[in-house]
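Numbering (mature numbering (1 follows the signal peptide of the UniProt record, and there is no 0)), first residue to last: -20 to -1, 1 to 642.
For every residue, glycine included, the Cβ atom is placed at its ideal position computed from N, Cα and C.
Small disclaimer: the values here were computed from a predicted structure and weren't measured.
These notes are about the structure you will find just below.
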Ligand code: GCU
């Protein structure tokens, strides 16, 4: 039956049986080769490891080119889990130090094939930028996903470990194809229950699948787990009874998952428990867990996302808490730091903790899920945002001390380097809710592998593998993608404005938001500080002086209203409405133009997409087109809401050539 209906469909819609057009295949649209091709060349592997055999299998099934020999060479530790490929038109040689390096090489070759690059003469050496390339899922045990916009969690806890959904393997394969090798499978606001013996058996089911693709499982843990699960008198990290509970738990975890990666901890942050509940420091809490994990080679990712509703500027608080602890953390603790000092805003300056922590391991945390970027309704390509942070020069060790080089081990040696991002993946048929949100998962993986790749290059690869290899289509789609992040900043929060979202859900605008009785540091008024004089948060010496947390080279620029880039102006300065901007316009007029420009940019994105009708498959064409309509409407909503609100302070007219708010 199946065969017949597929055959009929093939007749009516020639591509429907070959390519899923619902987006479920992501960028992995390789087509199995014919028998003739398979017989015309050989793919050998000189290793018995199952991951190496998988590499061979992928190539046997999909590689259309010449013969390939895959080989492990343990004498090449400098390659880490990277690979070397050399070859000519008859034969390609692939060498790796780790089995997974062979798998990455296989996906590299398939990428070359799928993006129409030449493979007749190859000389490639790839060594990943970061050792641990991690996704953080904010998935709850009831399968809701915090800030998730792609359906429910992929992990079907009620069925595991009995039922292993085929999607677990698809997920692992997609990650391996872009070099992701670590996944934290549960929310940082962690339920202690994840450490229950019953859940560990379920995790074992997932780990078994992920292992085949070189992916290690990590867990977010709740610091109160010993008390809640184990009935200890408290969860004080110095209490021997608590330490013993963690020791036994870690032992139990490694018994079921021998390659378990370690813990991610959100402690004393947004109401989560932590060592400070017992008068202990972050370092005392982190080191207790690190010491227990160390014999198993495990790691602790300890988050620096901490702030409290005090009179102190929120942007300063993580630095204030963590810099005094610098040097106190064990060497298997990595401080996980959000890219900016507030919270994954459309644009933030880099977090001043980067570089300021001199004797601690540090890693960046990005957010792929679009909590602050229109959820899965808006098309926003995030590679430019990721790159902007990674390329930011902190000057911590002199010029060139970019966030990338401070965290990838180039400037400061680290036992293991790492990078993380909050996943945008759910059980939606297309995985990410918006077809273009797949590009953000892809781009994150590619940059974690090689942070020197350009946003354009990554977009080109992704488009070619996901939509079409046609140059004119690639160019058009790339233009949309490359415009999209700047467009979102313009129609949401231009010129350094930040956190003026509607309370809690963070989708639409609410610059007037002031929930009575709510935390003041969660209210937009706190962030934009608009008054009749001007708008913006004064973080210079005359204000909160957050600027002093940056190196002088950075502070001298950001702190000087004349030198500060427009994009961060209202982040660091309270600027009069009448202030003359670099463009020659007043601040008020510039703000109007920026919002208006954002709307125009989205309309241009729509026009470009509309021209692709008939050139990309109809299902994805229509689905993207519909989402762009939402985005265009939302962009107008943002512009009108923000301009009408800020106008109540500026009391200045909206320039005549700006589209009138309705
Ligand atoms: C944001 C987000 C929360 C999340 C938190 C975190 O504040 O809104 O849902 O828990 O970040 O990163 O811990």
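- Task: Measure the alpha-carbon distance for residue -20 versus residue 93 and round it to whole angstroms.
- Result: Because residue -20 carries a pLDDT of 38, less than 50, the predicted location of this residue cannot be relied on, and the following value inherits that uncertainty. Each residue's Cα considered, the two are about 34 Å apart.
- Task: Note the first and the last residue of the continuous alpha helix (DSSP H) segment covering residue 533.
- Result: 532 to 538
- Message: With three or more beta-carbon pairs closer than 8 Å as the criterion, would you say the region 109 to 120 touches the region 384 to 400?
- Response: Judged by pairs of C-beta atoms under 8 Å, the region 109 to 120 touches the region 384 to 400, as three or more such pairs exist.
- Query: What number of angstroms, rounded off, separates the C-alpha of residue 284 from the C-alpha of residue 265?
  - Reply: 13 Å
- Message: Residues in the same chain with beta-carbon distance under 6 Å from residue 516, minus the five sequence neighbours each way, listed in chain order, please.
- Response: 550, 553, 554, 555
- Item | Cβ pair count under 8 Å reaching 3, the region 530 to 540 against the region 497 to 504 | Taking a cut-off of 8 Å on C-beta distances, the region 530 to 540 does not touch the region 497 to 504, as fewer than three cross pairs fall below it.
- Identified DSSP bridge partners for residue 282: DSSP lists 245, 315 as the beta-bridge partner residues of residue 282.
- Task: Determine, using beta carbons only, whether residue 154 and residue 6 come nearer to each other than 7 Å.
- Result: yes
- Would you call residue 215 buried or exposed, if buried means 16 or more other Cβ atoms sit within 10 Å of its Cβ? buried
- Message: Closer than 6 Å to a non-hydrogen atom of the ligand GCU - does that hold for the CB of residue 285?
- Response: It does: the Cβ of residue 285 is within 6 Å (strictly closer) of some heavy atom of the ligand GCU.
- Quick one: is residue 196 buried, meaning 16 or more other Cβ sit within 10 Å of its Cβ, or exposed? buried
- Does the Cβ of residue 126 lie closer than 6 Å to at least one heavy atom of the ligand GCU? yes
- Task: Kindly give me the distance between the Cβ atoms of residue 317 and residue 295, rounded to whole angstroms, as I take these residues to be in contact under 8 Å.
- Result: The pair is not a contact, with the Cβ atoms about 13 Å apart (cut-off 8 Å).
- Task: Return yes when the Cβ of residue 438 is within less than 7 Å of the Cβ of residue 585, no when it is not.
- Result: no
- Query: Near residue 441, what residues of its chain come up, given a Cβ to Cβ distance below 6 Å and the 5 sequence neighbours on each side ignored?
  - Reply: 95
- Roughly how many angstroms separate the alpha carbons of residue 319 and residue 16, rounded to a whole number? Spanning the alpha carbons of residue 319 and residue 16 requires a straight line of approximately 50 Å.
- Item | Contacting residues, own chain, Cβ-Cβ under 8 Å from residue 297 (five flanking each side not counted) | 286, 287, 288, 290
- Task: Starting from the C-beta of residue 27, find all residues in its chain whose C-beta is less than 6 Å away, skip the five residues before and the five after it, and write them out in chain order.
- Result: 52
- Give me the Cβ distance between residue 128 and residue 390, rounded to the nearest whole Å; I'm assuming they're in contact under 8 Å. Wrong, their Cβ atoms sit about 34 Å apart, outside the cutoff.
- Relative to the ligand GCU, is the shortest distance from any of its heavy atoms to the C-beta of residue 164 smaller than 6 Å? Because no heavy atom of the ligand GCU lies under 6 Å away, the Cβ of residue 164 does not count as near it: no.
- Can you grab the Cα-Cα spacing for the pair residue 165 / residue 564, in whole Å? 50 Å
- Item | Separation of residue 175 from residue 240, as counted between CA atoms | C-alpha separation (whole angstroms): 13 Å.
- Sub-7 Å separation of residue 642 and residue 612 beta-carbons: no
- Whole runs of the beta strand (DSSP E) within the region 319 to 348, excluding any shorter than 3 residues: 341 to 347
- Identify, in the order they occur along the chain, each residue of the same chain with its Cβ nearer than 7 Å to the Cβ of residue 383, setting aside the five sequence neighbours on each side. 330, 334, 344, 369, 370, 372, 374
- Could you tell me the distance, in whole angstroms, from the CA atom of residue 614 to the CA atom of residue 488? Roughly 8 Å between the two C-alpha positions.
- Message: Helix, strand or coil, according to DSSP, for residue 609 in the structure here?
- Response: helix
- Rounded Cβ spacing between residue 204 and residue 255 (contact assumed at less than 8 Å): That belief does not hold up - the Cβ atoms of residue 204 and residue 255 are roughly 11 Å apart, past 8 Å.
- State the beta-bridge partners of residue 86 as determined by DSSP. Within the DSSP bridge table, the entry for residue 86 names no partner.
- Quick one, are the C-beta atoms of residue 520 and residue 527 less than 7 Å apart? yes
- Just the C-alpha distance for residue 347 and residue 306, rounded to the nearest angstrom, thanks. Whole-angstrom Cα-Cα distance: 25 Å.
- Item | Beta carbon of residue 408 nearer than 7 Å to that of residue 130 | yes
- Message: Among the candidates 367, 414, 620, 299, whose CA atom is the shortest distance from the CA of residue 354?
- Response: 414
- Message: For residue 470, report the span of its beta strand (DSSP E) as first-last.
- Response: Careful: residue 470 lies outside any beta strand (DSSP E), inside the alpha helix (DSSP H) at 451 to 472.
- Sufficient close CB pairs (3 or more, under 8 Å) joining the region 99 to 109 to the region 58 to 66: yes
- Compare the C-alpha of residue 89 against each of 79, 66, 77, 78 and name the closest. 66
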